[in-house]
Amino acid sequence: TLNEVYERLEQLDSDGAEARAAMILSGLGFDQEMMNKKTCEFSGGWRMRIALSQALFVQPDLLLLDEPTNHLDVFACTWLEHFLVSWDKTVIMGVWPKSLTVAAVAFRRPSCHQTEHVNVAILTGVLPRFVLVFPGQTV
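Take the sequence shown: its position 90, counting from 1, is numbered 1402 in my numbering, and each next residue is one higher.
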C-alpha cells in the first residue's frame, strides 16, 4: 500500500539522503564540482572512492572492506576512521601495515546488549599473523 511505501521511505531517511551522500563524498575528498560529475569522468582511484561512498551510504548490516584506504589521502583516511568508529553495525576490514591508521576499527561487532570493539593487530614474521586484541589487552 501507499502507507507502506511512505514508511519505507521514512526508514531510509529519504529526506536526508542527498545531505548524507554529500557528507560522505565530502569526507572522501570530493568537492561540490566533483559531486556533479559523471562517474565515467573519474580516474580509477576516484571511482574506488565512489564505490566506497556507495557502500557507506547504503548502511548495510555487514560492511566488508578490503584495503579501503588504498586510494585515499591522509585526510580521507582520517575521516573514514572517524566515520567507522561511530558505525553501529558490523564492520570487517582487511588492512595491511601501511593502513594502520584505521586498524583500530578493523573489526567491530555490535552485540544485542552492548557494543563490543575488537581491534585487529598485525604482527610481522615469515607470514603475517592476525591476532584479535580485546579492549584492555595489549599485544
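Every residue, glycine too, gets a C-beta built ideally from N, C-alpha and C.
What would DSSP say about residue i, mapped onto helix, strand or coil?
i	result
L1314	helix
L1321	helix
G1339	helix
Is residue i close to chain C, meaning its C-beta is less than 8 angstroms from at least one C-beta of that chain?
i	result
G1357	Chain labels in this structure do not include chain C; a single protein chain is all it has.
Between residue i and residue j, which are expected to be in contact by the criterion C-beta below 8 angstroms, what is the C-beta distance as a whole number of angstroms?
i	j	result
F1387	G1341	7 angstroms
M1405	P1380	6 angstroms
G1357	H1383	4 angstroms
L1396	V1403	6 angstroms
From which residue to which residue does the alpha helix (DSSP H) around residue i run?
i	result
E1345	1344-1347
Confirm the yes/no value for this check: CB of residue i, any heavy atom of the ligand COA, distance under 7 angstroms.
i	result
V1397	No copy of the ligand COA appears in this structure; indeed no ligand is present at all.
In the stretch 1356-1408, which residue ranges form an unbroken alpha helix (DSSP H) of at least 4 residues, counting only runs that do not cross its ends? 1356-1369, 1386-1397
Closer than 8 angstroms is the cut-off here; do at least three beta carbon pairs connect the stretch 1359-1366 with the stretch 1330-1340? yes
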